[in-house]
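Residue 68 in full-length UniProt numbering sits at position 68 of the sequence shown, and the numbers go up by one each step. Accompanying notes for the structure given below.
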Amino acid sequence: MQYLAVAYTRDIPAGRVYPVLAGGRELILVRDGEGNVYALDGLCPHQRLPLAGAEVWKGVLECPWHHFQYDVCTGENLYPRRVYPAQLAARLGDHVRPLRIYPVRTVDEQIQVGMPEAGGSPWTP
């Protein structure tokens, strides 16, 4: 895995989405209230629209387009998955899949995002 520098810690206010490009991918960085930084795919899986204007509240990222919601720590889809019955959510397919998340580390106030090797998966369990 290759880590790429994408921002400084001072650049990312808590509860805000900070769009970056890393390895040719659109990502967003999110800092929680405790100072932890998370890197997620910058496009919503629902319709592949940018998450740059998303709102973050109590660890939940809400897409500005259709209000799909994701856990910033895990990328798990929270809405509409938690609203619809399991059998209907299963039929929604890609619309309810999680956001991809990427490993993040901080080195001398610089935020670095881990990018998978060619062909590797960026998914974090």
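A virtual CB, placed ideally from N, CA and C, is assigned to each residue, including glycine. Given the structure is predicted, the values throughout are model-derived calculations rather than measurements.
Query, Result
"Taking buried to mean at least 16 other C-beta atoms within 10 Å of its own C-beta, is glycine 42 buried or exposed?", "buried"
"Buried or exposed, going by whether 16 or more other CB atoms sit within 10 Å of the CB of methionine 115?", "buried"
"Let me know if arginine 48 comes out buried or exposed under the rule of 16 or more other beta-carbons within 10 Å of its beta-carbon.", "exposed"
"Measure from the alpha carbon of glutamate 34 to the alpha carbon of each residue in Pro103, Glu117, Val96, Ile12, then state which is nearest.", "Ile12"
"Quick one, are the C-beta atoms of leucine 4 and glycine 23 less than 8 Å apart?", "yes"
"Spatial neighbours of glycine 21 within its chain, please: C-beta separation below 6 Å, excluding the five flanking residues on both sides.", "The residue you asked about is not glycine; residue 21 is leucine in the sequence shown. Nothing meets the Cβ criterion."
"Throw me the rounded Cβ distance for the glycine 75 and isoleucine 111 pair, which I believe falls under 8 Å.", "Wrong, their Cβ atoms sit about 18 Å apart, outside the cutoff."
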